[in-house]
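Asks: Residues in the sequence shown are numbered consecutively from 8, following the working numbering. Using N, Cα and C, we set each Cβ at its ideal position, and we do this for glycine too.
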Amino acid sequence: MSLEIEDEKNTASASDTASVSDTANASDTTSASDTAGGAHKDEGSPAVMKSDKDHKNGKKKKKKTAGRYAAEFFIKVGVTVLAIWILLSFVLGIYVIHDNLAYPMLKDGDLCIILRPAELHTGDAVVYTSGGKIRFGRIAAMPGETVDIGDDGLTVNGYNVYEDTVYPTSAEGAAIEFPYEVPKGSYFILNDYRPDINDSRIFGAVSGKKVKGRIIFVMRRRGI
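1) Find out if the Cβ-Cβ distance for the pair A147, L161 is shorter than 8 Å.
2) State the start and end residues of the unbroken beta strand (DSSP E) segment that holds N223.
3) Less than 8 Å separating the beta-carbons of I120 and L99?
4) Would you call the CB atoms of G130 and R145 closer than 8 Å?
5) Give me the Cβ distance between L95 and I101, rounded to the nearest whole Å; I'm assuming they're in contact under 8 Å.
6) Round the Cβ separation of L127 and V218 to the nearest angstrom and send it over; I've been treating them as touching at under 8 Å.
7) Assuming Y174 and R201 make a contact with CB atoms under 8 Å, what is their CB distance in whole Å?
8) So V209 is in the alpha helix (DSSP H); what residue range does that whole segment cover?
9) Please report how far the alpha carbon of R228 lies from the alpha carbon of R75, in whole angstroms.
10) Would you mind giving the Cβ-Cβ distance between V163 and S193, rounded to the nearest angstrom? I have them listed as a contact below 8 Å.
11) Could you give the DSSP three-state label for R75: helix, strand or coil?
12) Where DSSP assigns a beta bridge to F143, which residues make up the other side?
13) What are the boundary residues of the beta strand (DSSP E) that F185 is part of?
14) Go ahead and pull the three-state DSSP assignment for T87.
15) Would DSSP call K114 helix, strand or coil?
16) What separation, rounded to the nearest whole angstrom, lies between the Cα atoms of T87 and N198?
17) Whole angstroms is fine: what's the gap from K191's alpha carbon to V154's?
18) Which first and last residues belong to the beta strand (DSSP E) in which D158 is found?
19) Specify, as a first and last residue, the run of the beta strand (DSSP E) that Y200 falls within.
20) Since V103 is in the beta strand (DSSP E), which residue starts that stretch and which ends it?
21) Please say whether V84 and G220 have beta carbons closer to each other than 8 Å?
22) In whole angstroms, give me the CA-to-CA distance for G138 and F81.
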């Protein structure tokens, strides 16, 4: 009787052990299956797809950014060129001296910058045209003033004019008669190199429309 009871206990214990083992194995199998399935799910999950999409969009964004930088660069260059063109066409002018008629202020080969349009005054060095030629001179008298050149030199409205030149002003060889009244809208312009009378002493006053502008800067290119 005692042996039968012990055999029944051993049988029950073995059965329980087998049940526990089967349960553990089934649990491990299910867990492994779930893990594998989860891995497959992660590969096609919305988060992974979104990451790939963001990566592609990032490349496109970089390309667009480079294109935008290039466009901005060319726009800036274009604006700069346009500004320089407007400046040189309507505000400033650049001329190269090809004679010594404005000597000693200007010498052959010098480069000068003019301001246009500019308010002009007596004594201003200007660039103007006469006979289709670019000339350089200095305003000696304004519109409406009376100019005379005699033994006392240059006088304007009866007053002697102080001239910051190294050469005396003479009427010898002049083609106009003195005293001379400067017409409205015109200027009486003389060469700084006064021995050369190819200025207003020959062709009279110069119309303001022919005055290109006032010289504001001179760059010496020869004989420095």
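Replies: According to the structure shown:
1) In the sequence shown, the residue the question calls residue 147 occupies position 140. In the sequence shown, the residue the question calls residue 161 occupies position 154. Closer than 8 Å, so yes.
2) Your numbering for residue 223 matches position 216 in the sequence shown. Checking the displayed sequence, the identity of residue 223 turns out to be Ile instead of Asn. Residue range V218 to M226 is occupied by the beta strand (DSSP E) that includes I223.
3) Indexing the sequence shown from 1 puts residue 120 at position 113. Indexing the sequence shown from 1 puts residue 99 at position 92. Yes; because the gap between Cβ atoms is below 8 Å, this pair is in contact.
4) Sequence index remark: in the sequence shown, residue 130 carries index 123 (1-based). Sequence index remark: in the sequence shown, residue 145 carries index 138 (1-based). Closer than 8 Å, so yes.
5) Taking the first residue of the sequence shown as position 1, residue 95 is located at position 88. Taking the first residue of the sequence shown as position 1, residue 101 is located at position 94. Going by Cβ atoms, the distance from L95 to I101 rounds to 7 Å, so yes, they are a contact pair.
6) As a first step, residue 127 is located in the sequence shown; it is residue number 120 there, counting from the start. As a first step, residue 218 is located in the sequence shown; it is residue number 211 there, counting from the start. In this structure L127 is in contact with V218, their Cβ atoms being roughly 7 Å apart against a cut-off of 8 Å.
7) For this step, residue 174 is matched to residue 167 along the sequence shown. For this step, residue 201 is matched to residue 194 along the sequence shown. In this structure, Y174 and R201 form a Cβ contact; the two beta carbons are roughly 4 Å apart against a cut-off of 8 Å.
8) In the sequence shown, counting from the first residue as 1, residue 209 sits at position 202. Per the sequence shown, the amino acid found at residue 209 is Ile instead of Val. Counting along the chain, the alpha helix (DSSP H) containing I209 begins and ends at S207 to F210.
9) For the purposes of this step, residue 228 is identified with residue 221 of the sequence shown, where counting begins at 1. For the purposes of this step, residue 75 is identified with residue 68 of the sequence shown, where counting begins at 1. Their backbone Cα atoms lie some 43 Å apart in a straight line.
10) Mapped onto the sequence shown, residue 163 falls at position 156. Mapped onto the sequence shown, residue 193 falls at position 186. Their Cβ separation, rounded to whole angstroms, is 14 Å, which puts V163 and S193 out of contact at 8 Å.
11) Counting from 1 along the sequence shown, the entry for residue 75 is found at position 68. Assignment of R75 by DSSP, reduced to helix, strand and coil, places it in the helix class.
12) Position 136 of the sequence shown, counting from 1, holds the residue named residue 143. In DSSP, F143 forms a bridge with V134.
13) Reading the sequence shown from its first residue, position 178 is the one you call residue 185. For F185, no beta strand (DSSP E) run applies, since DSSP gives it neither H nor E.
14) One-based indexing of the sequence shown puts residue 87 at position 80. The answer is helix: DSSP assigns T87 an H, G or I state.
15) In the sequence shown, counting from the first residue as 1, residue 114 sits at position 107. K114: coil per DSSP, three-state reduction.
16) What you label residue 87 is simply residue 80 of the sequence shown in a count that begins at 1. What you label residue 198 is simply residue 191 of the sequence shown in a count that begins at 1. Straight across, the Cα-Cα distance linking T87 with N198 is about 37 Å.
17) Position 184 of the sequence shown holds residue 191. Position 147 of the sequence shown holds residue 154. Roughly 14 Å separates the two Cα atoms.
18) Counted from its first residue, the sequence shown places residue 158 at position 151. Judged by DSSP secondary structure, D158 falls outside any beta strand (DSSP E); it is assigned neither H nor E.
19) What you label residue 200 is simply residue 193 of the sequence shown in a count that begins at 1. Counting along the chain, Y200 falls outside any beta strand (DSSP E), and DSSP gives it neither H nor E.
20) Indexing the sequence shown from 1 puts residue 103 at position 96. Where V103 is concerned, the enclosing beta strand (DSSP E) starts and stops at L99 to V103.
21) Within the sequence shown, residue 220 is the residue found at index 213, counting from 1. Within the sequence shown, residue 84 is the residue found at index 77, counting from 1. In this structure, the beta-carbon distance from G220 to V84 does not fall below 8 Å.
22) Locating residue 138 in the sequence shown gives position 131, where the first residue counts as 1. Locating residue 81 in the sequence shown gives position 74, where the first residue counts as 1. Computed Cα separation, rounded: 43 Å.
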